[in-house]
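Participant: Handing you this structure, nothing more for now.
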Amino acid sequence: MRTPLIAGNWKMHGSRAGIGRLLTDIRAQIDPNGRAELLVVPPFPYLDLVASQLDGVPVAFGAQDVSAHAEGAYTGEVSAAMLADCGCTHVLVGHSERRTLHGESDESVAAKFMAAQAAGLCPVLCVGETLAERDQDRTEEVVQRQVGRVLKEAGIAAFSRAVVAYEPVWAIGTGRTASPVQAQAVHAVIRAQLQAEDATIGGQVRILYGGSVKPDNAAEILAREDIDGGLIGGASLQADSFMAIYRAANQVC
Ligand code: PGA
1237 MRTPLIAGNW
1247 KMHGSRAGIG
1257 RLLTDIRAQI
1267 DPNGRAELLV
1277 VPPFPYLDLV
1287 ASQLDGVPVA
1297 FGAQDVSAHA
1307 EGAYTGEVSA
1317 AMLADCGCTH
1327 VLVGHSERRT
1337 LHGESDESVA
1347 AKFMAAQAAG
1357 LCPVLCVGET
1367 LAERDQDRTE
1377 EVVQRQVGRV
1387 LKEAGIAAFS
1397 RAVVAYEPVW
1407 AIGTGRTASP
1417 VQAQAVHAVI
1427 RAQLQAEDAT
1437 IGGQVRILYG
1447 GSVKPDNAAE
1457 ILAREDIDGG
1467 LIGGASLQAD
1477 SFMAIYRAAN
1487 QVC
C-alpha cells in the first residue's frame, strides 16, 4: 500500500511573516493518526525559516528547482548539496512553469533529477501535457516521453527514490481540473511504463496529481487507484484548504 503524499508548492508567494503563520496553522492541524505524509515547498530564501519551524514536526520540506551542476560559476543557481545542507529532503524537477517559462528540456530535467539523487534528495518529477497536446490526442505520448527521458538517463532503480507528479498544464492555476477519470487514466499509463521496466518499483512509486486540486474536488481525485496524493499550488497557500485536502487523503487513500 502506497503512503499518500500531500505536497504544497508555494511557488513565488509568501514572506517571512506569512510563511511563519502558515506553518503554525499547518502544525495545528496535523493528525497524529493520519496516514498521509506532508511536504511543503517554499521559495529558496525561506528554506532556513521553514527548517527551523519544522524542527521535530512530521512535515518534510523541499525546493522548487535545483541546478544540474554540483558547484561552480553558475550565478543564480542552487545545488542539490546546498539544498540537502539546508535540510531539504525533496526537490521539484521539471515543473511545467520551469519547462514553459524557462525553457527546460526533457534532457535538463533528467540531469536535475540525477543531480538531486546524487545529493540524497528525492526528486518530484513533474510531467504533463499542454491543452494543445491533449486536443491532438497526444497526452500519452507526451508524458511517456517526459518520463522516458529520465528512465533512459537514470534507470528504473532511480524511481525507487523518486516521486512522479502528473500535472496537466491546462489545469494548473486555471481552476480547471482533470476529471478523476482523466487523471487516473494518465496515472495508469505512467505506472504501466515504469512497471514494464520493473514491476515492483513501478508498483511502489508514488504518482501525485496536480492542477487545481481544492478541498471540494480532492476526495474524488485522491480516491483513484493510481493517484497517491497531490501537488497543490493555490490551495496550499491557506492552511485551512491545504489541510482539508490532507484530511481527504487520510480518509480516502
Ligand atoms: P495549482 O498548482 O494547484 O494552483 O493548480 C499546482 C502546481 O503547479 O503544482
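Just so we're aligned, residue 1237 is where the sequence shown starts under the working numbering, counting upward by one.
Ideal placement from N, C-alpha and C gives every residue a C-beta, glycine not left out.
In the DSSP assignment, the beta strand (DSSP E) including residue 1360 goes from what residue to what residue?
Facilitator: As a first step, residue 1360 must be located in the sequence shown, where it is residue number 124. Run containing residue 1360: 1358–1363, per the beta strand (DSSP E) assignment.
Participant: Quick one, which of 1299, 1374, 1353 has its alpha-carbon nearest residue 1285's?
Facilitator: Here residue 1285 corresponds to residue number 49 of the sequence shown, with the count starting at 1. With distances taken between Cα atoms, residue 1285 lies closest to 1299.
Participant: Once DSSP output is grouped into helix, strand and coil, what is the label at residue 1313?
Facilitator: As a working note, residue 1313 is residue 77 in the sequence shown. Looking at residue 1313 - three-state DSSP - the assignment turns out to be coil, as it is neither helix nor strand.
Participant: What are the residues that DSSP puts in a beta bridge with residue 1273?
Facilitator: As a position in the sequence shown, residue 1273 is number 37, starting the count at 1. Answer is 1241.
Participant: With the cut-off set at 7 Å, would you say residue 1316 and residue 1302 are in Cβ contact?
Facilitator: Walking along the sequence shown from the start, residue 1316 turns up at place 80. Walking along the sequence shown from the start, residue 1302 turns up at place 66. Contact: yes.
Participant: Can you list, in chain order, the residues of its chain with a C-beta nearer than 7 Å to that of residue 1365? Leave out the 5 residues immediately preceding and following it.
Facilitator: Position 129 of the sequence shown, counted from the first residue, corresponds to residue 1365. The answer, listed in chain order, is 1374, 1375, 1378, 1379, 1404, 1405.
Participant: Taking residue 1244 as the reference, which of 1475, 1489, 1486 has the closest Cα?
Facilitator: Looking up residue 1244 in the sequence shown gives position 8. Nearest of 1475, 1489, 1486 to residue 1244, Cα basis: 1475.
Participant: Would you identify the three-state DSSP class for residue 1298, choosing helix, strand or coil?
Facilitator: Locating residue 1298 in the sequence shown gives position 62, where the first residue counts as 1. It is a strand residue.
Participant: Can you tell me whether residue 1348 is buried or exposed, with buried defined as 16 or more other CB within 10 angstroms of its CB?
Facilitator: Along the sequence shown, read from residue 1 onward, the residue named residue 1348 stands at position 112. Its Cβ being crowded by 16 or more others within 10 Å, residue 1348 is buried.
Participant: Out of 1326, 1343, 1258, 1292, point me to the one whose CA is closest to residue 1354's CA.
Facilitator: Locating residue 1354 in the sequence shown gives position 118, counting from the first residue. Residue 1354 has its Cα closest to that of 1326, out of 1326, 1343, 1258, 1292.
Participant: Between the C-alpha atoms of residue 1483 and residue 1395, what's the straight-line distance to the nearest angstrom?
Facilitator: Translated into positions along the sequence shown, residue 1483 becomes position 247. Translated into positions along the sequence shown, residue 1395 becomes position 159. Looking at the two C-alpha atoms, the distance is approximately 27 Å.
Participant: Between the Cα of residue 1292 and the Cα atoms of 1367, 1241, 1259, which residue gives the shortest distance?
Facilitator: Reading the sequence shown from its first residue, position 56 is the one you call residue 1292. Looking at the Cα atoms, 1259 is the closest of the given residues.
Participant: Just list the beta strand (DSSP E) runs in the stretch 1331–1389, keeping only unbroken ones of 3 residues or longer that don't cross its boundaries, in chain order.
Facilitator: Listed in chain order, the complete beta strand (DSSP E) runs (minimum 3 residues) inside the stretch 1331–1389 are 1358–1363.
Participant: Do residue 1468 and residue 1481 come within 7 Å of each other at the CB atom, strictly closer than that value?
Facilitator: Here residue 1481 is taken as the residue at index 245 of the sequence shown, counted from 1. Here residue 1468 is taken as the residue at index 232 of the sequence shown, counted from 1. Cβ distance < 7 Å, so residue 1481 and residue 1468 count as in contact.
Participant: Check each candidate in 1428, 1442, 1411, 1421 and name the one with the smallest Cα separation from residue 1452.
Facilitator: Numbered from 1 along the sequence shown, position 216 holds the residue referred to as residue 1452. The option with the nearest alpha carbon to residue 1452 is 1411.
Participant: Give the single residue among 1473, 1449, 1470 whose Cα lies nearest to the Cα of residue 1485.
Facilitator: On the sequence shown, residue 1485 is found 249 positions in, with the first residue counted as 1. Closest by alpha carbon: 1449.
Participant: Which whole-angstrom value describes the C-beta separation of residue 1296 and residue 1275, a residue pair presumed to lie in contact below a C-beta threshold of 8 Å?
Facilitator: Locating residue 1296 in the sequence shown gives position 60, counting from the first residue. Locating residue 1275 in the sequence shown gives position 39, counting from the first residue. Yes, residue 1296 and residue 1275 are in contact; Cβ-Cβ is about 5 Å, under 8 Å.
Participant: Could you check what DSSP says for residue 1442 in three-state terms: helix, strand or coil?
Facilitator: Working through the sequence shown from its first residue, we reach residue 1442 at position 206. In the structure shown, residue 1442 sits in a strand (DSSP, three-state: E or B).
Participant: Which partner residues of residue 1402 appear in the DSSP bridge assignment?
Facilitator: One-based indexing of the sequence shown puts residue 1402 at position 166. Partner(s): 1363, 1445.
Participant: Quick check: residue 1442 and residue 1399, are their CB atoms within less than 7 Å of each other?
Facilitator: Locating residue 1442 in the sequence shown gives position 206, counting from the first residue. Locating residue 1399 in the sequence shown gives position 163, counting from the first residue. Their beta carbons are under 7 Å apart, which means residue 1442 touches residue 1399 by this criterion.
Participant: Is residue 1250 near ligand 1 - that is, is its Cβ less than 6 Å away from at least one heavy atom of it?
Facilitator: Counting from 1 along the sequence shown, the entry for residue 1250 is found at position 14. No.
Participant: Taking only three categories from DSSP, how would you classify residue 1473?
Facilitator: Stepping through the sequence shown from its first residue, residue 1473 is reached at position 237. Note: residue 1473 maps to coil in three-state DSSP.
Participant: Using only the alpha-carbon positions, how far apart do residue 1282 and residue 1472 sit?
Facilitator: The residue you call residue 1282 lines up with position 46 of the sequence shown. The residue you call residue 1472 lines up with position 236 of the sequence shown. If I take the Cα positions, the gap works out to 16 Å.
Participant: From which residue to which residue does the beta strand (DSSP E) around residue 1426 run?
Facilitator: Reading the sequence shown from its first residue, position 190 is the one you call residue 1426. No beta strand (DSSP E) holds residue 1426; the alpha helix (DSSP H) holding it covers 1416–1433.
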